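Chemist: First residue of the sequence shown: 55, per the numbering used here; consecutive thereafter.
From the three backbone atoms N, C-alpha and C, an ideal C-beta is built for every residue, glycine too.
Keep in mind it's a predicted model, so treat the numbers as computed, not measured.
First, the structure itself, so that you have it in front of you.
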Amino acid sequence: MSQQAKEQARERARERAKELRSQLQKASYAYYVLDAPDLPDSVYDRLYRELQDLETQHPELLTPDSPTQRIGAPVEQFNSVRHNIPLYSLENAFDSDEYLGWQARWQRLEPDVGEAPAVAELKIDGNALALTYEDGLLVRGVTRGDGIAGEDITPNVRTIRTIPLRLHMAPGESPPPVVEIRGEAFLPLDVFAEINQARAAEGTALFANPRNAAAGTLRQLDARVVAERRLDFFAYTLLMPEGTGDVTPPVDQWGALECLQSLGFRVNPHRQLCASAAAVSDYYQQWDEKRHDLAYLTDGVVVKLNSFELQDRLGFTNKFPRWAIALKYPAEELPTILENVTVQVGRTGAITPVAELRPVQLAGTTVTRATLHNADRLAELDLHLGDTVIVRKAGEIIPEVVRVLSELRPDNAQLYRLPSTCPVCGQPVVKPEGEAVTRCVNGSCPAILQGSLRHWASRDAMDISGLGDRWVQQWIEQGMVKSVADLYALTVDDLLPLERMGQQLATKLIGAIADSKQRPWPKVLYGLGIRLVGSTNAQLLADNFPSAAALSQAEEEAIAQIYGIGPEIAQSVRQWFQVPANQSLIERLESAGLQLKSTQQAVSSQSQPLSGKSFVLTGTLPTLKRSEAKSRIEAAGGRVSGSVSSKTNYVVIGENAGSKQAKAEELGIAQLTEADLLALLASA
Ligand code: IVH
C-alpha cells in the first residue's frame, strides 16, 4: 500500500471510530439513563465489536471515553485523596416538628424571606461519590470517606453505565474546565437480592443491606467484578469552581438538576419543587407509601432551599449546610429482646437458627422472628438468651439480627449453641469444614421431606393448588408419603380418613395432583430441588437436555458448556443424578406419567414464535389464570417476568392493573389485553 493510501485508510478508520463511539454512547445513554433503548442489542453488539476491532488495529485511535474502556484491569489498592471541597452531611429531622424547627432557625437568620421554595428529593440509601470532569472528561471518582478525604476508586466508577465518561455538550460547545458532580451510587434491590442469594449459595457472609453491598462493591479491587454488579448512580450536586464554559450556570437547585440531566447524568425523576412546608409534608407522606414500589431503597427525603443566592447567604455550620435537611423515615432497625432461639430444617437439610423476639414494630409490621442465618453467624454474634439485639428489616429481605448490645446482657445469661442433633428427626447434624451451613443429612428426615414436597407443589414448580402443609404433615406422619413420587399413588379413599378431610376436598386434591402430571419438563426439573437449580437454570438445562434421560447421562463438562450454567451448578446436577435414590425417583415419576422430556421436538428456543420476547402480566385477566397465561407464553418460547423494565416487550393488562401499567406507559412498552395475547399466541 502506498504511503498515501495508508494515510487515507487511517483517516477513514479515525472517522469511523469517532462515529461508532458517538453511536454507542448515544445508545448506551438511551438504554441506561433514559431507560428507553433505541438500538436492538444485536446491533449494539455489532457496532461495539467493530469499534473494538478498529481500536485493536489502530491503537492510536483509543480514547479514554471510548465505550470499550469502561472496564479496566484489577488494581492493587486505592489511594486516599483529599476532596477539593469537603462533602458535608445533612442534619436529620424525624418529624414535622423537627422540620419546622429547622425552618424557624434559618428564617431567624433571614427574617425577610418567609416560606422559600425548596426542592424535595428522595434520599437515596447508597454511598455518596464525588466525580471530577476535566475538559469534559471523567478523570476521577472518589468516595465520600469522612467528608474531608475519600478513596480514589476511578476504575470502579467508570464501570457504572449511568455515569458518562464524557459530559454531553452540544456540538461545538465547550465544557467547563473543571466540574465536580456529586451523587449517590446504589445497588438496585433486585441486584442486591441476587448478590446475597449467590453469597448464601457459596456460604459467604451476607450483606446486611443494599448500602453495605454497594459500599463493598465500590471497594472491590477488580473492576470486572464491579461491572457485573450493575451499580447505578443518581446525580444531585453540580459544582463548577473554575468557570462554566458554554454551560449556562444554574441559579437554583432545580436548574442544577436539569443541568445535570442535560450533561448526561441520571437524575432522580421523583423530585418536586415545594412552595411551603405543607407541600414538603405532602411529598414526604406520599413517598412513605410509594417508596416501597421503587427499585432501590430510600431512607427519607432531602429538602434543599431552591435559590443558590439564599443558600450562599445561609452557608454552613461546621457540620451541615443550613439550607438543607434530611427528613428521615422511621428507623427500620430497632432493639428488642431475644426470648428464644428455634431451629428450622429446610428442604436441603440446612439448619437455620431463628430468633424468637419480643414483638417490635418495624417498617410498618410487627416483627417477632428474625433469621440468624447459620452457625458461623451465631458465633460472630456471641448470642445469649435474654440479650438485647438490634433487628433490621430492609428492602425485601426478611428481618435479621444485626448486632447484640452485649453491655445490656443480663447476668448469668446462657450462651446459645446450635443443637448437635436435628430437632426434627434426632439424627446428628453435620457441618462440613469450611462451610457455613449445618445440615441434617438423614435422607428420610420428615422436615426435609416436608420441605421437598412444599417446593414440588410450589407455583413455579408443579403448581399443585391446595397441597398445604397441614395435609402434607399428616401424610408424612402416617407414612403415606415418603417421596414426591408417592403423591401420584394417592387415591381419594386414602385421603378420606384424614382429619378435616371430606369427599369434595379429597377429590379436588387428587385432581390437582393428577393435573400436575401435565407440567412441562423444565418445571419438573425445577421441582426436584437440585441444589443451585432455580427455575431459570432449570429452563436452561431443559432447553439443552430435552429429557431426564439425556440430562442424567450428561457429563459434567457438557452441562457446564451451557451458556449461563457454571461449573458448580454442573457438578451439583451431576452429583444429584448419580445418587441411586434419585435415579429411582426419576423412574417412578416417569412411570407415574410425568413429563420427563420436552414435548416439542428439537426445541431450539430460537425457532419458537415468541422466543426472545419478554412479557409481564399485571392485573386479573378475564378468563385466563395467571399461571395459564404464563405457561402458554412460555410454551410459545416467550419469557414472563415479574417487573417491567426497558427490556420488556409486552405488558398484558388485566383488571385493576397498577403500577406496572403506569411503568409500561412511561417506557412506551406495548400493552396487550387478554384477547390480544390470545390472538398473538394463535398466530404464533
Ligand atoms: S445532598 C450538602 N441529596 O445523604 C448536601 N444527599 O445524610 C449533602 N443522599 O452524604 C448531600 N440522597 O450520601 C443529598 N438527594 C440527595 C441525597 C443525598 C442521598 C445522602 C448523601 C449524603 C447523605 C447525608
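From the DSSP secondary-structure annotation, give me the bridge partner or partners of F132.
Modeler: DSSP, once it has assigned bridges, lists no residue as partnering F132.
Chemist: Who are D514's beta bridge partners in DSSP?
Modeler: Bridge partners of D514: none, in fact.
Chemist: So, is Y617 buried or exposed, given that buried needs 16 or more other C-beta atoms within 10 angstroms?
Modeler: So Y617 counts as exposed.
Chemist: Taking only three categories from DSSP, how would you classify Y350?
Modeler: Note: Y350 maps to coil in three-state DSSP.
Chemist: Taking the alpha helix (DSSP H) that F631 belongs to, which residues open and close that run?
Modeler: Per DSSP, F631 belongs to the alpha helix (DSSP H) from P621 to Q632.
Chemist: Skipping 5 residues on each side, what residues in its chain have a beta carbon closer than 6 Å to that of L435?
Modeler: The answer, listed in chain order, is V458.
Chemist: Could you check whether the region 106-116 touches the region 138-155, counting it as contact only if at least three pairs of C-beta atoms, one from each stretch, sit closer than 8 Å?
Modeler: Segments in contact, no.
Chemist: Using a Cβ cut-off of 9 Å (strictly closer), state whether S699 contacts chain C.
Modeler: This model lacks chain C altogether; it includes just one protein chain.
Chemist: Kindly list the residues whose CB is nearer than 6 Å to the CB of M294, restricted to its own chain and excluding five residues on each side of it in sequence; keep chain order.
Modeler: These residues qualify, in order along the chain: P230 and V233.
Chemist: Are the CB atoms of L241 and Y350 within a distance shorter than 9 Å?
Modeler: Against a cut-off of 9 Å, the Cβ pair of L241 and Y350 comes out as a contact.
Chemist: Return the CA-CA distance between G226 and K72, expressed in angstroms with no decimal places.
Modeler: Approximately 15 Å between the Cα atoms of the pair.
Chemist: How about A409: is its Cβ closer than 8 Å to a heavy atom in ligand 1?
Modeler: No, since every heavy atom of ligand 1 falls outside the 8 Å radius drawn around the Cβ of A409.
Chemist: Inspect the CB distances between the region 276-289 and the region 210-221 and report whether three or more fall short of 8 Å.
Modeler: Flag = yes, the region 276-289 and the region 210-221 touch.
Chemist: With a CB to CB cut of under 6 Å and the five nearest residues on each side skipped, what residues in its chain are close to L93?
Modeler: A81.
Chemist: List, from N- to C-terminal side, the beta strand (DSSP E) runs of 3 residues or more that fit wholly inside the region 60-148.
Modeler: Listed in chain order, they are 134-136.
Chemist: So the candidates are Q632, L272 and L292; which of them puts its Cα closest to the Cα of R284?
Modeler: With distances taken between Cα atoms, R284 lies closest to L272.
Chemist: Would you list, in sequence order, the uninterrupted beta strand (DSSP E) runs of no fewer than 3 residues that lie entirely inside the region 633-690?
Modeler: With a minimum length of 3 residues, the continuous beta strand (DSSP E) runs that stay inside the region 633-690 are 668-672.
Chemist: For the alpha helix (DSSP H) that A332 lies in, which residues bound it at each end?
Modeler: Start and end: A331 to K344.
Chemist: Ignore the nearest five residues each way along the sequence and tell me which others in I249's own chain have a CB closer than 6 Å to its CB.
Modeler: Cβ neighbours of I249 beyond the five flanking positions: A267.
Chemist: Just to confirm my understanding: we take K177, look at its own chain, exclude 5 residues before and 5 after, and list those with CB closer than 7 Å. What are they?
Modeler: Here the set comprises T352, D353, G354, V355, V356 and A380.
Chemist: Could you tell me the boundaries of the beta strand (DSSP E) in which F319 lies?
Modeler: Note, F319: premise wrong, no beta strand (DSSP E); not H, not E.
Chemist: Comparing alpha-carbon positions, which option in L472, L154, P304 and T677 lies nearest S335?
Modeler: Nearest C-alpha to S335: L154.
Chemist: Please state whether the Cβ-Cβ distance between P171 and C328 is less than 9 Å.
Modeler: Taking 9 Å as the Cβ cut-off, P171 and C328 qualify as a contacting pair.
Chemist: Put T425 into one of helix, strand or coil per three-state DSSP.
Modeler: Three-state DSSP puts T425 in a strand.
Chemist: Buried or exposed: where does A433 fall if 16 or more other Cβ atoms within 10 Å of its Cβ makes it buried?
Modeler: Exposed, because fewer than 16 other Cβ atoms sit within 10 Å of the Cβ of A433.
Chemist: Can you give me the C-alpha to C-alpha distance between M223 and L317, rounded to a whole angstrom?
Modeler: Cα-Cα distance, rounded: 7 Å.
Chemist: Within its chain, find whatever has a CB closer than 6 Å to the CB of V305; leave out the 5 residues flanking it on each side and keep chain order.
Modeler: Cβ within range, chain order: F362.
Chemist: Taking buried to mean at least 16 other C-beta atoms within 10 Å of its own C-beta, is Q660 buried or exposed?
Modeler: In this prediction, Q660 scores a pLDDT of 49, lower than 50, which makes its location untrustworthy; the coordinate-derived value is nonetheless stated afterwards. So Q660 counts as exposed.
Chemist: List the whole-angstrom C-beta distance separating A424 from E454, where the pair is believed to meet the contact cut-off of C-beta under 8 Å.
Modeler: 5 Å between Cβ atoms; contact.
Chemist: Output the distance between the C-alpha atoms of Q655 and E609, rounded to the nearest integer angstrom.
Modeler: With a pLDDT of 46 at Q655, under the threshold of 50, the modelled position of that residue is not reliable, and no figure is offered here.
Chemist: Can you grab the Cα-Cα spacing for the pair G691 / P121, in whole Å?
Modeler: Roughly 33 Å between the two C-alpha positions.
Chemist: Does DSSP put E386 in a helix, a strand or coil?
Modeler: If DSSP states are grouped into helix, strand and coil, E386 belongs with coil.
Chemist: Rounded to whole angstroms, what is the Cα-Cα separation between S506 and S699?
Modeler: Straight-line Cα distance between these residues: approximately 33 Å.
Chemist: Looking only at its own chain, which residues have a Cβ that is under 8 Å from the Cβ of G620, when we skip the five neighbours before and after it?
Modeler: Contacts found: A614.
Chemist: E205 lies in the beta strand (DSSP E); which residues open and close that run?
Modeler: E205 -> beta strand (DSSP E) spans A203 to E205.
Chemist: Using the Cα positions of L582 and G647, report the straight-line distance between them to the nearest angstrom.
Modeler: Going by the C-alpha atoms only, they are around 16 Å apart.
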